[in-house]
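In UniProt numbering, the protein residues as written are 1 to 656. Heads up, the thing below is written out as structure tokens.
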Amino acid sequence: MSQLTIESILQEKRLFHPSAEFSQNAQIKSLKEYQQLYDKASADPEKFWAELAQQELHWFQKWDKILDWQPPFAKWFVNGKINISYNCLDRHLTTWRKNKAALIWEGEPGDSRTLTYAQLHREVCQFANVLKQLGVQKGDRVGIYMPMIPEAAIAMLACARIGAPHTVVFGGFSAEALRDRLIDGEAKVVITADGGYRKDAAVPLKEQVDKALAGGDVTSVENVLVVRRTGQEVQMEPGRDHWWHDLQQSVSADCPAEPMDSEDMLFILYTSGSTGKPKGVVHTTGGYNLYTHMTTKWIFDLQDTDVYWCTADVGWITGHSYIVYGPLSNGATTVMYEGAPRSSNPGCFWDVIEKYGVTVFYTAPTAIRAFIKMGEHLPKARNLSSLRLLGTVGEPINPEAWMWYYRVIGGDRCPIVDTWWQTETGGIMITPLPGAIPTKPGSATRPFPGILADIVDLEGNSVGDNAGGYLIVRHPWPGMMRTVYGDPDRFRRTYWEHIPPQDGKYVYFAGDGARRDKDGYFWVMGRVDDVINVSGHRLGTMEVESALVSHPAVAEAAIVSKPDEVKGEDIVAFVTLEGTYQPSEQLSKELKQHVVKEIGAIARPGEIRFTDALPKTRSGKIMRRLLRNLASGQEVSGDTSTLEDRGVLDKLREGA
Ligand code: WTA
1 MSQLTIESIL QEKRLFHPSA EFSQNAQIKS LKEYQQLYDK ASADPEKFWA ELAQQELHWF
61 QKWDKILDWQ PPFAKWFVNG KINISYNCLD RHLTTWRKNK AALIWEGEPG DSRTLTYAQL
121 HREVCQFANV LKQLGVQKGD RVGIYMPMIP EAAIAMLACA RIGAPHTVVF GGFSAEALRD
181 RLIDGEAKVV ITADGGYRKD AAVPLKEQVD KALAGGDVTS VENVLVVRRT GQEVQMEPGR
241 DHWWHDLQQS VSADCPAEPM DSEDMLFILY TSGSTGKPKG VVHTTGGYNL YTHMTTKWIF
301 DLQDTDVYWC TADVGWITGH SYIVYGPLSN GATTVMYEGA PRSSNPGCFW DVIEKYGVTV
361 FYTAPTAIRA FIKMGEHLPK ARNLSSLRLL GTVGEPINPE AWMWYYRVIG GDRCPIVDTW
421 WQTETGGIMI TPLPGAIPTK PGSATRPFPG ILADIVDLEG NSVGDNAGGY LIVRHPWPGM
481 MRTVYGDPDR FRRTYWEHIP PQDGKYVYFA GDGARRDKDG YFWVMGRVDD VINVSGHRLG
541 TMEVESALVS HPAVAEAAIV SKPDEVKGED IVAFVTLEGT YQPSEQLSKE LKQHVVKEIG
601 AIARPGEIRF TDALPKTRSG KIMRRLLRNL ASGQEVSGDT STLEDRGVLD KLREGA
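Below you can see the structure in the form of structure tokens.
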């Protein structure tokens, strides 16, 4: 994040209070109530969570012990038996919610579908039986590579129902990225669709699965299940591939939820880190259910009359926690939209809000910045008066975008919850509770009750007001990731050893830099590691560099980010070429396309800069800091004494 933005956020003095009416009806009604909850939770986090677990969720069997903490490995609700699919579906069927809309779905071409709790339950049970029929058993991993259609949520809930951990791979990832994740997660089955609609095109998905499975590197996958969505032509391999609708015809709709151990794995979700390949973040059942349930209830202030819409994709953690599990566990109505704003309909989000009377709307700062560019006339042309609460996630929001969101979308009446969290944390960690905590544009405000967040220096000492430092969490929480799939050592190294434990007390290192003001409000500045955030999506510099280097023309590559008005950050790649290759416009295009093929369109570099050499230290480490300066057109600042060859820098400057 640029120095300039940090400065402007530092000067932000505006404070926005929820209206008295909002607070009166809210789940948490005042700052005092929040503070009491927070203090109670901090004094005895285990007791706090256990009381909520008892009150809010259905357990087949109660736990023996609330928390078993063998740092950095936590177990919550030890020996408790629970099923998140049961909590999201079955328990609502014995209430008036049986015929309430659970899922409202809008397809990009304008088709739509609404599933009540009873209907969703039936579909999930049937599909769970399909999986069982194919030999999927408790503990088997299932890959999900789907467009934003109801079957994506049905597949997730069906996996959870029979205890088969799912691993959802974002439909925008390439066949190569999908293959790596299927191999690492040892998926037995892949669920996909022929294709999905995105920006007026039918994007092929089954074809990508075929490519991922071709070559025989993925040895674990036995079957592929295909939803017919677009009707585009696909190859079906006999014996391996099956149509979802064919298999569903012959199964029963009776499938009791499997009692799962609280610590049984619920899902793996891959996310980028600073080194090597994406890591498989493992979440388990009981703690994740409780954490997503409570955060959804209090942060989105769910009321039974709400129509709640989170615009994320199910391929990301936000889709898992806040489209599917959190809202359904609460018996809410959750909206799912297949499409994206596009030139044929740039106002489609506002159409969806108007059509369904959306009351709570949760989106990303990058989307808001894109809306600002498209112009106020689009939202102004729709009736958005149903909205009562807005949210953002994914990256720091600049105060200008916050103000626009507040004024143009929220009509100056809707509180905004700026929610800080990560794939690893399972749910929202730092956030306003909208009826209780006054907001400041650009700040995620205060930690959720039970979350002991702090800002520290590298030794782990808390820093003072307004001093920058590393964002950490001092005590385990139910939604935390349990390990990196197949690599517990990486889990320990990445999250628990950057800040050395003090007196045996381990702290969770989030990888973000932050500051806390005198009111105790957190201001998250962005990543402090080699992870970059493009349009709210995490990418490891190493991943993109490896993708570039796998092209025959590339000898070496270094990725840095530069500020971008809409994406937040954009990728600049510094590339040195193998002997016979010459820089050209054509090669630049080819390299960008190569990254898209290896990872997906989200990783396409905005700019490729060819250079003879990269600036390195004497020990051979690339000095990204210098490249960052160059990429964003700034003077190279700071110490350059460790640079091996100063001439490299001069040449790079000339080339810029
Ligand atoms: C960033 C997304 C500032 C942060 C849920 C974090 C944010 C990373 C915010 C996690 C926010 C997310 N303010 N920064 N409100 N929300 N981030 O795993 O750098 O895709 O570490 O999870 O996004 O991204 P992830």
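Yeah, the Cβ is synthetic: ideal placement off N, Cα and C, and Gly gets one too. It should be emphasised that the depicted structure is a prediction, and the values quoted were computed from it without experimental measurement.
For T284, which of A603, A547, A160 has the nearest alpha-carbon? As a working note, residue 284 is residue 284 in the sequence shown. Closest by alpha carbon: A160.
If you reduce the DSSP assignment to three classes, tell me which class K100 lands in. Here residue 100 is taken as the residue at index 100 of the sequence shown, counted from 1. Assigned with DSSP and collapsed to three states, K100 falls in coil, not helix or strand.
Quick check on the DSSP output: the beta strand (DSSP E) that includes L213 runs from which residue to which? Within the sequence shown, the letter at position 213 stands for residue 213. DSSP places L213 in no beta strand (DSSP E) but in the uninterrupted alpha helix (DSSP H) bounded by 206-213.
I'd like to know whether the C-beta atoms of L31 and L134 end up nearer to each other than 9 Å. By 1-based counting over the sequence shown, the position of residue 31 is 31. By 1-based counting over the sequence shown, the position of residue 134 is 134. Cβ atoms of L31 and L134: not closer than 9 Å.
Whole-angstrom Cβ separation of G80 and S262, contact assumed at under 8 Å? Reading the sequence shown from its first residue, position 80 is the one you call residue 80. Reading the sequence shown from its first residue, position 262 is the one you call residue 262. Indeed they touch by this definition, with Cβ atoms about 4 Å apart.
Cβ-Cβ separation, T363 to I104 (assumed contact under 8 Å), whole Å: Translated into the one-based positions of the sequence shown, residue 104 becomes position 104. Translated into the one-based positions of the sequence shown, residue 363 becomes position 363. Incorrect: roughly 17 Å between the Cβ atoms, too far for contact.
Rounded distance between the beta-carbons of K592 and residue 657, thought under 8 Å: The question about residue 657 has no answer here: the residues shown for the chain are numbered 1 through 656.
Could you tell me the distance, in whole angstroms, from the CA atom of S344 to the CA atom of K505? For this step, residue 344 is matched to residue 344 along the sequence shown. For this step, residue 505 is matched to residue 505 along the sequence shown. In a straight line, the C-alpha of S344 is about 55 Å away from that of K505.
Looking at the ligand WTA, does it come within less than 8 Å of W59, judged from the CB to the closest heavy atom? If you number the sequence shown from 1, residue 59 lands on position 59. The answer is no for W59.
Would you say L614 and E654 are within 9 Å of each other, going by their C-beta atoms? Numbered from its first residue, the sequence shown carries residue 614 at position 614. Numbered from its first residue, the sequence shown carries residue 654 at position 654. No, the pair does not count as a contact, with Cβ atoms beyond the cut-off.
Using only alpha-carbon positions, find the residue among K62, S535, D650 that is nearest to I368. Position 368 of the sequence shown, counted from the first residue, corresponds to residue 368. Taking only the C-alpha atoms, the option nearest I368 is S535.
Tell me, to the nearest whole angstrom, how far the beta carbon of E21 is from that of A436; I am working on the premise that it is less than 8 Å. Stepping through the sequence shown from its first residue, residue 21 is reached at position 21. Stepping through the sequence shown from its first residue, residue 436 is reached at position 436. Actually they do not touch by this definition, with Cβ atoms about 14 Å apart.
Taking the alpha carbon of L458 as the point to measure from, which residue in Y508, F448, L433, T425 has its own alpha carbon closest? As a first step, residue 458 must be located in the sequence shown, where it is residue number 458. The shortest Cα separation from L458 among Y508, F448, L433, T425 belongs to Y508.
Can the beta-carbon of Y197 be found less than 9 Å from the beta-carbon of E51? For this step, residue 197 is matched to residue 197 along the sequence shown. For this step, residue 51 is matched to residue 51 along the sequence shown. No, Cβ-Cβ distance for Y197 and E51 is not below 9 Å.
Give me the Cα-Cα distance between I43 and I451, rounded to the nearest whole angstrom. Sequence index remark: in the sequence shown, residue 43 carries index 43 (1-based). Sequence index remark: in the sequence shown, residue 451 carries index 451 (1-based). First, the amino acid is wrong: residue 43 is Ala here, not Ile. Answer to the nearest angstrom: the Cα atoms are 11 Å apart.
On the DSSP letters alone, give me the boundaries of the alpha helix (DSSP H) that S632 sits inside. Your numbering for residue 632 matches position 632 in the sequence shown. Run containing S632: none; DSSP gives neither H nor E here.
Between which residues of its own chain and V234 is the CB-CB distance below 6 Å, once the five residues before and five after are set aside? Counting from one through the sequence shown, the residue named residue 234 turns up at place 234. If we look at V234 and ignore the five residues flanking it on each side, its Cβ neighbours are D194, K206.
Cβ-based burial, S174 [other Cβ within 10 Å; buried from 16]: By one-based count along the sequence shown, residue 174 stands at place 174. Classified as buried, S174 has 16 or more neighbouring CB atoms from the shown chains inside 10 Å of its CB.
With a threshold of 16 other CB atoms inside 10 Å of the CB of W244, please say whether the residue is buried or exposed. Counting from one through the sequence shown, the residue named residue 244 turns up at place 244. Residue burial annotation: W244 is buried, with at least 16 other C-beta atoms found within 10 angstroms of its C-beta.
Write down every uninterrupted run of the alpha helix (DSSP H) in the region 350-402 whose length is 4 residues or greater and which is fully enclosed by it, in chain order. List check, alpha helix (DSSP H) in window: 365-374, 377-380.
I'd like to know whether the C-beta atoms of V136 and A153 end up nearer to each other than 9 Å. Looking up residue 136 in the sequence shown gives position 136. Looking up residue 153 in the sequence shown gives position 153. No, the Cβ-Cβ distance between V136 and A153 is not below 9 Å.
With 16 as the cutoff for other CB atoms within 10 Å, does N99 come out buried or exposed? Counted from its first residue, the sequence shown places residue 99 at position 99. By the neighbour-count rule (16 or more Cβ atoms within 10 Å), N99 is not buried but exposed.
Compute the Euclidean distance between the alpha carbons of V417 and N398, then round it to the nearest angstrom. Along the sequence shown, one-based indexing puts residue 417 at 417. Along the sequence shown, one-based indexing puts residue 398 at 398. If you take the alpha carbons of V417 and N398, they lie about 14 Å apart.
Name the one or two DSSP bridge partners that P563 has. Position 563 of the sequence shown, counted from the start, is the residue given in the question as residue 563. For P563, the pairing in a beta bridge is given by DSSP as E569.
So is T192 buried or exposed if we call it buried at 16+ other beta carbons inside 10 Å? Along the sequence shown, read from residue 1 onward, the residue named residue 192 stands at position 192. T192 is buried by the Cβ-count criterion.
Let me make sure I understand the geometry here. Which of R113, N129, G331 has the alpha-carbon closest to that of K355? Your numbering for residue 355 matches position 355 in the sequence shown. Ranking R113, N129, G331 by Cα distance to K355 puts R113 first.
Answer yes or no: the CB of R490 versus the heavy atoms of the ligand WTA, is any distance below 8 Å? Position 490 of the sequence shown, counted from the start, is the residue given in the question as residue 490. No, the beta carbon of R490 sits no closer than 8 Å to any heavy atom of the ligand WTA.
Between the C-alpha atoms of I66 and E424, what's the straight-line distance to the nearest angstrom? The residue labelled residue 66 in the question sits at position 66 within the sequence shown. The residue labelled residue 424 in the question sits at position 424 within the sequence shown. Each residue's Cα considered, the two are about 21 Å apart.
Only counting the same chain, and skipping five residues up and downstream in sequence, which positions put a Cβ closer than 8 Å to that of residue 675? The structure shown does not extend to residue 675, since the chain is modelled only from 1 to 656, so the question has no answer here.
Which same chain residues, not among the five before or five after T642, have their C-beta less than 7 Å away from its C-beta? On the sequence shown, position 642 is the one that residue 642 refers to. Here the set comprises T617, R618.
As assigned by DSSP and simplified to three states, the class of V130: On the sequence shown, residue 130 is found 130 positions in, with the first residue counted as 1. Here V130 sits in helix by DSSP.
Can you give, in chain order, each stretch of the beta strand (DSSP E) that sits fully within the region 225-254 and has at least 3 residues? Counting only runs of at least 3 residues, the region 225-254 fully encloses the following beta strand (DSSP E) elements, listed from N- to C-terminal order: 241-243.
Residues near E151 by beta carbon distance below 6 Å, same chain, minus five either side: Along the sequence shown, read from residue 1 onward, the residue named residue 151 stands at position 151. Correct list, in chain order: V227.
Can you tell me which of the three DSSP states residue 659 falls into? The structure shown has nothing for residue 659, since the chain only spans 1 to 656.
Which same chain residues end up closer than 6 Å to V636 when comparing Cβ atoms and leaving out the 5 residues on each side of it in sequence? Along the sequence shown, read from residue 1 onward, the residue named residue 636 stands at position 636. So the list reads L626, N629, once near-sequence residues are dropped.
Could you tell me which uninterrupted beta strand (DSSP E) segments, each at least 3 residues in length, are contained entirely in the region 547-622, listed from first to last along the chain? Within the region 547-622, complete beta strand (DSSP E) segments of at least 3 residues are found at 554-564, 568-577, 607-610, given in chain order.
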